[in-house]
Amino acid sequence: MAKIILSRKKEWANRARKFNIFIDGEKKDTISNGEIKELELEPGKHEIVLKVDWCSSPVLETELKEEKSKTIEIRGFKANRWLMPVLYIVVIIYFIARVVFKIELVEVLYVVLPLSLVYLYYLTFGRKKYIEIEEI
Numbered sequence: 112m113a114k115i116i117l118s119r120k121k122e123w124a125n126r127a128r129k130f131n132i133f134i135d136g137e138k139k140d141t142i143s144n145g146e147i148k149e150l151e152l153e154p155g156k157h158e159i160v161l162k163v164d165w166c167s168s169p170v171l172e173t174e175l176k177e178e179k180s181k182t183i184e185i186r187g188f189k190a191n192r193w194l195m196p197v198l199y200i201v202v203i204i205y206f207i208a209r210v211v212f213k214i215e216l217v218e219v220l221y222v223v224l225p226l227s228l229v230y231l232y233y234l235t236f237g238r239k240k241y242i243e244i245e246e247i
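In the working numbering, the protein residues as written are 112 to 247.
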């Protein structure tokens with residue numbers, strides 16, 4: 112039997128969500144934040160996709176050889192590492208300026224709007240790129 116090792120990076124944005132592992136169109140398992148899973152498969156070509164809610168990864172085609180293993184790294188989309196923390200910080204700064212210092216910072220919308228649009232893209236049109244998957 113061939114072995115596939117799935118390694119999911121620890122990330123802040125998707126830490127509470129399990130990704131579903133689909134191999135050749137069939138759900139095989141789930142993988143949590145920071146977890147490493149080993150699955151035994153028949154040698155040959157396989158298509159691997161990870162899904163969470165309505166979002167997924169692109170299809171990764173890989174060929175497994177008898178008694179060999181392949182490692183696959185999984186993580187959320189790259190912008191997600193900085194997108195949500197920056198968005199939260201900007202919103203907090205806005206509310207502190209408004210409530211504590213009584214300052215209207217309409218300019219904050221110029222930062223919040225583009226960040227929100229990037230996130231909205233990955234939840235709609237880019238939903239099949241929400242999870243990154245690559246062979247190492």
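Where is the CB? At the ideal position from N, CA and C, for every residue including glycine. Computed from a predicted structure; not experimentally measured.
| Query | Result |
| --- | --- |
| Curious, which full-length beta strand (DSSP E) runs of at least 3 residues does the segment 180-213 contain? | 180-187 |
| Provide the residue span of the alpha helix (DSSP H) that contains residue 217, from first to last. | Taken as a continuous stretch (DSSP letters only), residue 217 belongs to no alpha helix (DSSP H), as it is neither H nor E. |
| State buried or exposed for residue 175, treating a residue as buried only when at least 16 other CB atoms are found within 10 Å of its CB. | buried |
| From which residue to which residue does the beta strand (DSSP E) around residue 160 run? | 155-163 |
| For my contact list, residue 142 and residue 121 are in at a C-beta cut-off of 8 angstroms; report their separation, rounded to the angstrom. | At roughly 12 angstroms, the Cβ-Cβ gap does not stay under 8 angstroms, so residue 142 and residue 121 are not in contact. |
| Within this structure, are the beta carbons of residue 253 and residue 233 separated by less than 9 angstroms? | As shown, the chain starts at 112 and ends at 247. That puts residue 253 outside it, with no answer to give. |
| Return the first residue and the last residue of the beta strand (DSSP E) that residue 238 is part of. | Careful: residue 238 lies outside any beta strand (DSSP E) and carries neither H nor E. |
| Hey, quick one: how far does the beta strand (DSSP E) through residue 134 stretch, first residue to last? | 130-134 |
| Taking C-alpha atoms, which residue in 245, 173, 112 lies nearest to residue 157? | 173 |
| Would you mind sorting residue 211 into buried or exposed? The rule is 16 or more other CB atoms within 10 Å of its CB. | exposed |
| I want to see whether chain C comes within less than 9 angstroms of residue 137, judged by CB atoms only; does it? | In the displayed structure, chain C is absent; only one protein chain is listed. |
| Rounding to the nearest angstrom, what Cα-Cα distance links residue 222 and residue 201 in this structure? | 8 angstroms |
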